[in-house]
Structure formats: structure tokens, C-alpha cells
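In terms of the UniProt record's numbering, the sequence shown is residues 1 to 103. From the three backbone atoms N, C-alpha and C, an ideal C-beta is built for every residue, glycine too.
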Amino acid sequence: MQTFKGIQTLIAAVGSLPDCGFLYITGNSDTDTPAGLQSCTFLLPDTEEDELFIEDNSDYNSWLEAPTFSDIIENYTSKHPNASEAALIRAVLHYWEKDDFLD
């Protein structure tokens, strides 16, 4: 199982995320604020066994699908090639709240 401490680590891994599967968060992590995303721990199951363990464990919650997260980052950086980490976090939060890409 892959673990990403903070959204910045997850953003850095966008190119290596799989084309399917969910990203999970630990506990009741704050995914509604920039500070919350920066302190979240994100999990990406490597195997079906990992995924079943997470789904059966109330200590974890699904967040976004990995390809959706990649699309959010890639969509924003295609329009803003020099986007800051803060801008990318805003793009993620915008999608999370509105189910729509930030232009």
C-alpha cells in the first residue's frame, strides 16, 4: 500500500498514479481546507487485499478516484504551467466542492 503524507506529496506523485482505483484518507481527516489537505494522510491500495482491508476498516474513508485526482492536477497545469502548490490545492478543493474543474 502506498502512503502519501500531505497533498503536496500526492501532487508530486501524479505521474505515477494508476488509471483506476480510489484514494483513501485516514479517519475523519479534513479534506475541506488547504491546511487539512496538507496534513492528511492519503492511501492508495496496491492490491485487492489492501483495498478490501481498507473498505472493511472504519478507520479509512474513500476520497477521490486516483485518475480523477490526476485529471484535476493535469487540467489545471495545462492551463497554468507554473501553478503553485497553493493554486493546485485550490483546484482540488474547487473540484471537491463543485464537481467541476477550475479554469
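Can you give the beta carbon distance from T3 to L43, rounded, assuming they're within the 8 Å contact cut?
Sure, about 6 Å apart at Cβ, within 8 Å.
Between T47 and I54, what straight-line distance do the alpha-carbon atoms span, to the nearest angstrom?
Near 11 Å, if we compare the C-alpha coordinates of I54 and T47.
What is the DSSP secondary structure of L43, reduced to helix, strand or coil?
Strand, per DSSP.
Among K98, A83, L52, D71, which has the Cα closest to the Cα of S16?
Comparing C-alpha distances from S16 to each of K98, A83, L52, D71 shows the shortest one belongs to D71.
Assign A91 to buried or exposed, taking buried as 16 or more other Cβ atoms, counted over all protein chains shown, within 10 Å of its Cβ.
Counting the other CB atoms within 10 Å of its CB gives A91 a total of 16 or more, which places it among the buried residues.
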